[in-house]
Amino acid sequence: MKLTEKEIADNYNDVWVLGEIVEGQVHKVTLELLGIARELAGKRASKKSQVVCLLMGSKLAGLEQDLFYQSADKVIMVDDESLKFFNDSIYASVVSRLINKYKPEILISGATSKGRSLMPLVAVQIETGLTADCTGLDIDEESGLLLQTRPAYGGNIIATIKCADHRPQMSTVRQGVFKALESDSSRTGELVIENVLEEEKKTRFTVISEESYGADAKINLHDANVIVAGGRGVKSAEGFEIIHKLAESVQGAVGATRATIDSGWISYAHQVGQTGLTVQPEIYIACGVSGQIQHLVGMQSSDLIIAINKDPDAPIMQLADVAIVGDLFEVVPEITKLMSI
Ligand SMILES: Cc1cc2nc3c(=O)[nH]c(=O)nc-3n(C[C@H](O)[C@H](O)[C@H](O)COP(=O)(O)OP(=O)(O)OC[C@H]3O[C@@H](n4cnc5c(N)ncnc54)[C@H](O)[C@@H]3O)c2cc1C
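For the sequence shown, my numbering begins at -6 and goes up steadily by one.
In structure tokens, the structure reads:
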């Protein structure tokens, strides 16, 4: 429903993060989102905006503590057996009801499979807009308009999207885009308990079990401190051998550009970029990667970027903290040798 400026100003406040639980623990993306939520709420200090984490699931007691340490002012906990498995219909009904009750100004969620399933349902139920897969979030301090940045038209433009007349302003954000704050164990917060209503449990389908297909540890790019990525410069599937060896020597993971995946040299699980993963390791070593924007959006927030390329004018060389001009087939084995000493 379209709202007037006055209705928005009088009724809507706070930045909400939709918390996610994986195997009994708070998902890393939730902690990352609490970091950006704190920043957004800080810019709405005149409204005394709070950071609120909505946590839903079963057997959640105690998990609120971590969320307080990570900057949540309030945790709204819905702990119910009916939420044990992710049934988007039940989850959406509960989220929508709580939004109508508390009226948050902003609601953000990870662009995980659950977030991608749940957020559109909620947006439809409460009649507001949703910007998916944001790569940046900021806020207009005066109006409270969320500035939601994401690539559009196949990555050819970076669009900033606003949701002017509806609330809450809703976004999903990929893991690795924002950094979690340092945990501060001196922080405390308010815990609010909510329930699932009986009618919300009545759905057209029942989830009877949930299985997760964990990624191969070697491809766990999100958790790797070092990523060694290969681009078309590696020339072939066999050429990736030296990339794997370097990654192994630094206990890192192997990333890749889409060009190499399209060539069938390595599997999609390794793809970094706009249509792959967004990563933020301490060190990203790009080998034979030119640095097209669609790749850069997936790795440009890495702490230290090392690029190895024959072409000193390749775009990645401008972005890199350390740019090594040379043939990767000579440079990469040399680095691997040094790392193995
Ligand atoms: C809608 C859309 C989405 C996309 N999504 C993604 C995405 O998610 N991720 C992604 O990566 N791309 C994506 N792309 C593709 C992207 O535009 C580029 O085509 C791709 O990133 C280029 O990959 P590359 O750097 O490996 O290849 P190239 O651009 O061909 O670069 C190869 C580089 O290797 C260097 N080189 C060659 N030989 C050597 C050598 N022996 N030693 C050292 N250097 C050498 C060359 O100088 C060159 O700079 C997308 C494109 C579109 C249109």
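Using N, Cα and C, we set each Cβ at its ideal position, and we do this for glycine too.
Query raised in the report: Is there at least one non-hydrogen atom of ligand 1 closer than 8 Å to the beta-carbon of Gln264?
Result: The residue you call residue 264 lines up with position 271 of the sequence shown. Remark: the shortest separation between the CB of Gln264 and any heavy atom of ligand 1 falls under 8 Å.
Query raised in the report: Under 8 Å from any heavy atom of ligand 1, does the C-beta of Cys280 make it?
Result: On the sequence shown, residue 280 is found 287 positions in, with the first residue counted as 1. Yes.
Report task. Would you mind working out which of Ala104, Leu76, Tyr95, Val44 sits nearest Thr268, comparing C-alpha positions? Result -> Taking the sequence shown and counting its residues from 1, the one referred to as residue 268 is at position 275. Nearest neighbour of Thr268 by Cα position, chosen from Ala104, Leu76, Tyr95, Val44, turns out to be Ala104.
Query raised in the report: Taking one C-beta from the region 135 to 142 and one from the region 73 to 86 each time, how about it: are there three or more such pairs within less than 8 Å?
Result: Counting Cβ pairs under 8 Å, fewer than three are found: no touch.
Query raised in the report: For Asp73, which beta-bridge partners are listed by DSSP?
Result: Residue mapping note: residue 73 aligns to position 80 of the sequence shown, counting from 1. DSSP output for Asp73 lists no bridge partner at all.
**Report entry** Extent of the continuous alpha helix (DSSP H) run through Ala34
**Finding:** Here residue 34 refers to the residue found at position 41 of the sequence shown. For Ala34, the enclosing alpha helix (DSSP H) covers residues 21 to 35.
**Report entry** In chain order, each alpha helix (DSSP H) run of at least 4 residues that lies wholly inside the region 104 to 161
**Finding:** Runs found: 106 to 119.
Query raised in the report: So Tyr5 is in the alpha helix (DSSP H); what residue range does that whole segment cover?
Result: Taking the first residue of the sequence shown as 1, we reach residue 5 at position 12. Here Tyr5 belongs to no alpha helix (DSSP H), and DSSP marks it neither H nor E.
Query - Inter-residue CB distance, Leu11 and Leu123 (contact presumed, cutoff 8 Å) - result: In the sequence shown, the residue the question calls residue 11 occupies position 18. In the sequence shown, the residue the question calls residue 123 occupies position 130. Separation of the CB atoms of Leu11 and Leu123 is rounded to 12 Å, and the pair is thereby denied contact status at 8 Å.
Query raised in the report: What whole-angstrom Cβ distance do Gln285 and Pro308 have, given they're in contact under 8 Å?
Result: Here residue 285 corresponds to residue number 292 of the sequence shown, with the count starting at 1. Here residue 308 corresponds to residue number 315 of the sequence shown, with the count starting at 1. The beta-carbon distance between Gln285 and Pro308, rounded to whole angstroms, is 7 Å. This is short enough to meet the 8 Å contact definition.
Query raised in the report: Quick one, are the C-beta atoms of Val189 and Val117 less than 9 Å apart?
Result: Here residue 189 is taken as the residue at index 196 of the sequence shown, counted from 1. Here residue 117 is taken as the residue at index 124 of the sequence shown, counted from 1. Result no, Cβ atoms of Val189 and Val117 do not sit closer than 9 Å.
**Report entry** Spatial distance of Ala85 from Thr23 (CA atoms)
**Finding:** Reading the sequence shown from its first residue, position 92 is the one you call residue 85. Reading the sequence shown from its first residue, position 30 is the one you call residue 23. Going by the C-alpha atoms only, they are around 18 Å apart.
Query raised in the report: Taking one C-beta from the region 256 to 274 and one from the region 161 to 174 each time, how about it: are there three or more such pairs within less than 8 Å?
Result: The region 256 to 274 vs the region 161 to 174: in contact.
**Report entry** Presumed contact (8 Å Cβ cut-off) between Gly224 and Ala279, rounded CB distance
**Finding:** Counted from its first residue, the sequence shown places residue 224 at position 231. Counted from its first residue, the sequence shown places residue 279 at position 286. With 8 Å as the limit, Gly224 and Ala279 qualify as a contact, their Cβ atoms being about 7 Å apart.
Query - Inter-residue Cα distance where the pair is Leu239 and Leu331 - result: Counted from its first residue, the sequence shown places residue 239 at position 246. Counted from its first residue, the sequence shown places residue 331 at position 338. It is roughly 10 Å from the alpha-carbon of Leu239 to the alpha-carbon of Leu331.
Requested in this report: Inspect the beta-carbon positions of Lys67 and Asn6 and report whether they are closer than 9 Å.
Outcome: Locating residue 67 in the sequence shown gives position 74, where the first residue counts as 1. Locating residue 6 in the sequence shown gives position 13, where the first residue counts as 1. Result no, Cβ atoms of Lys67 and Asn6 do not sit closer than 9 Å.
Query - Coil, strand or helix - Asn188 by DSSP - result: As a first step, residue 188 is located in the sequence shown; it is residue number 195 there, counting from the start. Coil, per DSSP.
Query raised in the report: Mind checking whether Gly226 and Gly266 have CB atoms under 9 Å apart?
Result: Working through the sequence shown from its first residue, we reach residue 226 at position 233. Working through the sequence shown from its first residue, we reach residue 266 at position 273. No.
Query raised in the report: Is Ile99 near ligand 1, with its Cβ less than 8 Å from a heavy atom?
Result: Translated into the one-based positions of the sequence shown, residue 99 becomes position 106. No; taking the cut-off as 8 Å, the Cβ of Ile99 has no heavy atom of ligand 1 nearer than that.
**Report entry** Cys127 versus Arg180: straight-line alpha-carbon distance, rounded
**Finding:** The count along the sequence shown starts at 1 and reaches residue 127 at position 134. The count along the sequence shown starts at 1 and reaches residue 180 at position 187. Straight through space, the alpha carbons of Arg180 and Cys127 are spaced by roughly 29 Å.
Query raised in the report: Between Asp158 and the rest of its own chain, which residues show a CB-CB distance below 7 Å, the 5 nearest in sequence each way excluded?
Result: In the sequence shown, the residue the question calls residue 158 occupies position 165. Lys(-5), Leu(-4), listed in sequence order.
Query raised in the report: Between Leu47 and Glu(-2), what straight-line distance do the alpha-carbon atoms span, to the nearest angstrom?
Result: Within the sequence shown, residue 47 is the residue found at index 54, counting from 1. Within the sequence shown, residue -2 is the residue found at index 5, counting from 1. Taking the straight line joining both Cα atoms gives about 26 Å.
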